[in-house]
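Worksheet for the structure shown next.
In my numbering, the protein residues as written are 1 to 640.
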């Protein structure tokens, strides 16, 4: 009998393990179909087959020009949203905001990151950008970022920046000129620490100063601080700490001790804010990620619609800037159960502002195929979990404004449903005078690929699915997945669920997916482009070729308030051209969570001149400019 010492065996095992660990990692797609989803091509063909049925112009394309743009931002996520995926609200943070930070007439982009620095990209005017983060001083590399809003909080003519984070305090950056910022969070009173999300600036009391509604979600992490490092293909590893999410985070609405009030801060001037939440009777403990200003009863005082991602949405009516009255079920009897994104706009050009709400969490209750994405979710949970009193819509909602404070829910009639929606942005992509919609949608690893939706407005009669027609889908080079995280199944990760029955090293791939977006004329060619903030990935810079393919007519309007807030947020602009009337509210809301400052864009269809521009200022003043005014220009309207 031949004997082998235990030391020899040990040495052989260790050598074998080291050899396995040193090998090139294998690719592991989770789930496997994300590499080449079998339904993408058939869905593309089905959409292309109906082009002839469109009465609206659709013969133009978007192309992802991220490489040409020079932007090399990469969104990085915490392990709770990646390697150790669990259902927790970390995956909601992903804002992107736009403003002209240095006064050169070009619109710059601020991207939010979870792991590592946020980034500010300066527009060079030729469709390319340069990294201006360090010079501006707005990186915030340490905290877990959620979202950002640009607003001129001190009425000095340049955009200030507010950034929300998880548990580490929010930040107000005052623009000191030429795009240089100073962190004044402490002195401003806006350095709130909690589970903050969307930051909505609006002037609720019409005193000419922008106030802040801060949407707070609720407690969804433990106090366990976990050191970790982020892996991304082609990127340097990023060391960071994060609070581990609660395993039952999505039952948080069942535990009152986890509730967190959203807050209203009144602007006292000179960038000083005070909490007036209780004083104005705006007590809201919804699990909210976002909200929107809306003058629902059209009395000139801006009301507030507050989303609830785990229950009923809430609506608060503004009583002449003195206090708010909760009229949620009176005005909106049923709302989405899992609301995520919201936008106010006039979809049918009747002069009344409508309301579009996307519902993400209802779609998370079942895993469906692409054939059911235009249907409402089949939610099985009982009332003990839903706590909505039977007043839930399990999918998107579209509220048509019928006037006199009355709204009618018509989402299914007009094609406003989709699957896994996050934020929605609105803009007239084909410049025909009707507002179109871009909806980001995804769930990333460990779920299948989800498409972004582009809904062309069918002249106010409904929306037409157009993402494959217009080049939004498939993505650049047909990409649907990318490397997501690494696993060493022989050593440190051997207990990971994906390491069961596997040995060696793996690079796990996950589905690509967008979270937030912003729409603006990035390259100043007269048509609207789209920039996304994708989750755990690079963004997309989707450039339209509409102006090169078609003779378009448009008008851009920039508001300059004097009695109203300087940026004119809350103003309504009504344009008359070619016998048509177009109305837009300047609220800055774009995508999921974020707020931007850029001119209003009016597509004018065939009209080459504008007959009249009317501005209804937040102060209550009404100002009229008579034409003829040539199209294809930027008009600055100063309040008089």
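All residues carry an ideal CB built from backbone N, CA and C; glycine is no exception.
Bridge partners of residue 503 according to DSSP: none are assigned. By the CB criterion at 7 Å, residue 112 and residue 144 fall outside the cutoff. Approximately 5 Å separates the beta-carbon atoms of residue 444 and residue 535; this is inside 8 Å, confirming the contact. In the structure shown, residue 580 adopts extended strand secondary structure according to DSSP, grouped into three states. Per DSSP, the continuous alpha helix (DSSP H) segment holding residue 46 begins and ends at 40–48.
Note that the C-beta distance between residue 323 and residue 281 is below 7 Å.
With fewer than 16 other Cβ atoms inside 10 Å of its own Cβ, residue 42 counts as exposed. Fully contained in the stretch 321–394 are the following alpha helix (DSSP H) runs of length 4 or more, in chain order: 328–331 and 383–386. Residue 221 carries a strand assignment under DSSP once its states are collapsed to helix, strand and coil.
Per DSSP, reduced to three states, the secondary structure at residue 246 is coil, with no helix or strand assignment. Per the DSSP secondary-structure output, residue 195 pairs in a beta bridge with 166. Residue 88 is not bridged by DSSP to any residue.
By the Cβ neighbour-count rule, residue 26 is exposed, with fewer than 16 other Cβ atoms within 10 Å of its own.
Look at residue 486 here: in three-state DSSP terms it is strand. In this structure, residue 216 sits near residue 262, with a CB-CB distance shorter than 7 Å. Straight through space, the alpha carbons of residue 583 and residue 348 are spaced by roughly 10 Å. If you look at residue 314, you'll find it in the beta strand (DSSP E) that goes 314–319. Boundaries of the alpha helix (DSSP H) harbouring residue 413: 411–414, taken from the DSSP string. In the structure shown, the three-state DSSP call for residue 634 is strand.
Ranking 611, 522 and 512 by CA distance to the CA of residue 34 puts 512 first.
By a beta-carbon distance limit of 8 Å, residue 119 contacts residue 73. Their separation comes to about 5 Å. Taking all protein chains in view, the Cβ of residue 435 is crowded by 16 or more other Cβ atoms within 10 Å, so the residue is classified as buried. Here residue 76 is buried, its C-beta having at least 16 other C-beta atoms within 10 Å. The DSSP-derived three-state label of residue 108 is strand.
Put simply, the stretch 52–63 does not touch the stretch 156–170. Fewer than three CB pairs are less than 8 Å apart. In the structure shown, the three-state DSSP call for residue 258 is helix. The beta carbon of residue 468 lies closer than 8 Å to those of 43, 44, 47, 48 and 474 in the same chain, with the five residues before and after it left out.
Per DSSP, the beta-bridge partners of residue 514 are 534. No Cβ-Cβ contact shorter than 7 Å links residue 561 with residue 586. In the DSSP assignment, residue 233 is bridged to no other residue.
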